[in-house]
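Here's the structure we're looking at; comments come further down.
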Amino acid sequence: MPSKGVHVFTYIAAHGCSIELSVPGRTVTVKELHRFSDVALEVESSEIKSLFDKRGKFIFKVFRNGKQITEQWIDVNAITGNASGGTMESIADTPSIFHDDLIVSYGLYEAGKGHDLLPNRHQCYVTVSPNYERWMAKLAPPGSELEKKPFRRLVLPSAHDVGMNSMESSDAVLRCVGGAVVGQLINDNRVLTKLADKLSADAIALIAPNIIYSLAITQKDSLEAMLKIGARYFEFRPARLHTAVRSKGALPDRLYFQHSAIPGMAYDAFLAGVVSFLRAHPAEIIVVQLRWDGVPDACAKPLAEEKKRYLEDALRPAKGEIVAGNLQDMKKLTIEQLRRDRKRLIMLDSVDSLSTYTDEGNATLTGDSILQALPRVLTRENQRGKAFINIQCQATASNITKAVVYSVLEAGATTSCLLATKGLCDHKTLPWCRDNVLRTCDPDQLVVLMNDFIDGATADVAVQLSRQRLEK
């Protein structure tokens, strides 16, 4: 009988919690702590009583000590494979859930009919973790022995492309200028050429938001939520709007995060959010790295004086409570010294780090090539002389042209090819990091654990590694 698969990836980092997964005729409960579990479910048409409507609900519920925290669901058509309705119909409708001291992060990729490249089964991930908004304060409390350890011993969770967490800026540009500008924004002729083989220019303009979603949206939580999940390192690419749209008045003329030339979060809003968080959390420390890789020349980059002005404006409300630290502070000072000197916002500018990312290795739908590259890249020789180590766990399916074209042409609200790889890759890369970072990474170099759609599993692995490295 016809059926449609749902592949669910789970991780629990909070005591007393469980995740219940169900489809018609089957329920599975996951309880194990700190275990990367995956469950293959099938929505079977034979389990659906209706003769004509073969939709069955995929549901997940999260419990703590027997009390239900949340329930999320979507209807899956066992015959067509489509998923629709319910609470997970759109990426924008799946922000992390905050309940007391718990955070539930989750996401759904709709596979549709499936393709030879992209997953044939719907993909869902669910993580349950403590609220990590004060994880540094709890790990190395002021006055403790661990606070006297070098800051560089920590492993910092990181939200990859933090500024691409919504379509707000891109939608404003498209409303003002029209979808025809998408070719200049994505700056990627491979994708446009493939699309042009199948669609007219007018049709491409109409689906411009879907193209941007598939290529650029890497986060779906607010900056405040990402910080509470545990993120403490961010890379930001501040530049002005592309010359093709800058004069049109779609957005105020200021610096924005740029993914190629696709605008995301405003830089001043990002800095203000970071400073506001640090003022409310006086023992936390955040590292921000400015860089401009992939930003085209048509997006004007800020000069030193402008960067300085943006930072001064952001720090002004802190009235001296927070001052900017630098690379040497990050490498040489202890956690205690950074707190004492009020250098809890460390600003880096294009420093030379060791990144595990490569266009070839991270262009994967399974995560296997990332896993194979990690031990080859993370050698002591490669680490020597680098400012820090950046382990990039996320796959970049947007570099696989055929996968992008499929996800665009079949686009629903949950068909991002970036989201398609989230659960599967995390269940390979994060356990590897948990088991190998202590062995492969120099304890005297800061480590960053970077991921798309920042979640509790990424944060929990980083926090536990931080504890182990501080205690060594």
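Numbering follows UniProt numbering, with no gaps: position 176 of the sequence shown is 176.
Heads up, the beta-carbon is just placed ideally off N, CA and C, and yes, glycines get one too.
Residue burial annotation: Arg26 is exposed, with fewer than 16 other C-beta atoms found within 10 angstroms of its C-beta. Just so you know, the alpha carbons of Lys31 and Met226 end up roughly 25 Å apart.
Straight-line measurement puts the Cα of Glu321 at about 14 Å from the Cα of Gln337.
At a Cβ-Cβ threshold of 7 Å, Asp452 and His160 count as neighbours.
Pro375: member of the alpha helix (DSSP H) spanning 368-377, first to last residue. Residue state for Asn210 is assigned as helix, using DSSP reduced to three classes. CA-CA distance, Lys149 to Arg467, rounds to 11 Å. For Glu306, there is no enclosing beta strand (DSSP E); the residue is part of the alpha helix (DSSP H) that begins and ends at 304-315. Contact annotation, Gln123 with Gly456: C-beta distance approximately 17 Å; criterion of less than 8 Å not satisfied. Within the same chain, Ile74, Val76, Glu110, His122 come within 6 Å of Ala83 by CB-CB distance, once the 5 residues on both sides are set aside. Around the Cβ of Leu378, a 10 Å sphere holds 16 or more other Cβ atoms; the residue is buried. Linking Ser169 to Leu223 through their CA atoms gives a straight-line distance of about 15 Å.
Annotated as distal: Phe36 and Pro443, with beta-carbon spacing of 7 Å or more.
The residues Val6, Val23, in chain order, have a CB closer than 6 Å to that of Leu41 in the same chain once the five nearest residues on each side in sequence are set aside. The beta carbons of Leu446 and Arg152 sit closer together than 7 Å.
For Glu42, the enclosing beta strand (DSSP E) stretches over residues 37-44. The beta carbons of Ala269 and Pro296 sit no closer together than 7 Å.
Spatial neighbours of Lys472 in its own chain (CB-CB distance under 7 Å, excluding positions within 5 residues in sequence) are listed in chain order as Pro443. By the beta-carbon neighbour count (other beta carbons within 10 angstroms, threshold 16), Ala239 is buried. With a contact defined as Cβ atoms closer than 8 Å, Ile229 and Val182 miss out at about 31 Å. DSSP, reduced to helix, strand and coil, places Phe234 within a strand of the structure shown. Its chain contains Ser18, Ile19, Glu20, Leu21 as the residues whose beta carbon lies nearer than 8 Å to that of Thr29, once the 5 sequence neighbours on both sides are disregarded; these appear in chain order. Annotated as proximal: Ala387 and Ser353, with beta-carbon spacing under 7 Å. Straight through space, the alpha carbons of Val155 and Ile186 are spaced by roughly 32 Å. Val173 places its beta carbon less than 7 Å from that of Val245. Taking 3 residues as the shortest admissible run, the segment 97-150 contains the following complete beta strand (DSSP E) segments, listed from N- to C-terminal end: 97-99, 102-109, 122-130. DSSP places Asn436 in the helix class (H, G or I) of the three-state scheme. Per the coordinates, the alpha-carbon of Ala92 lies some 11 Å from the alpha-carbon of Tyr106. In terms of Cβ geometry, Ser129 and Ile97 do not form a close pair [threshold 7 Å]. Looking at the backbone, the Cα of Thr127 and that of Thr10 are separated by about 6 Å.
Short of 7 Å from the beta carbon of Arg291, and not among the five residues preceding or following it, lie these beta carbons of its own chain, in chain order: Glu235, Arg237, Ser350.
Tyr256 sits in a strand when the DSSP states are folded into three classes. In summary, Met88 is buried, with 16 or more beta-carbon neighbours lying within 10 Å of its beta-carbon over all protein chains present. Note: Asp75 is bridge-paired with Lys57, Ser84 in the DSSP secondary-structure output.
Assignment of beta-bridge partners to Asn451 by DSSP yields Ala159. The continuous alpha helix (DSSP H) containing Val177 extends over residues 168-177.
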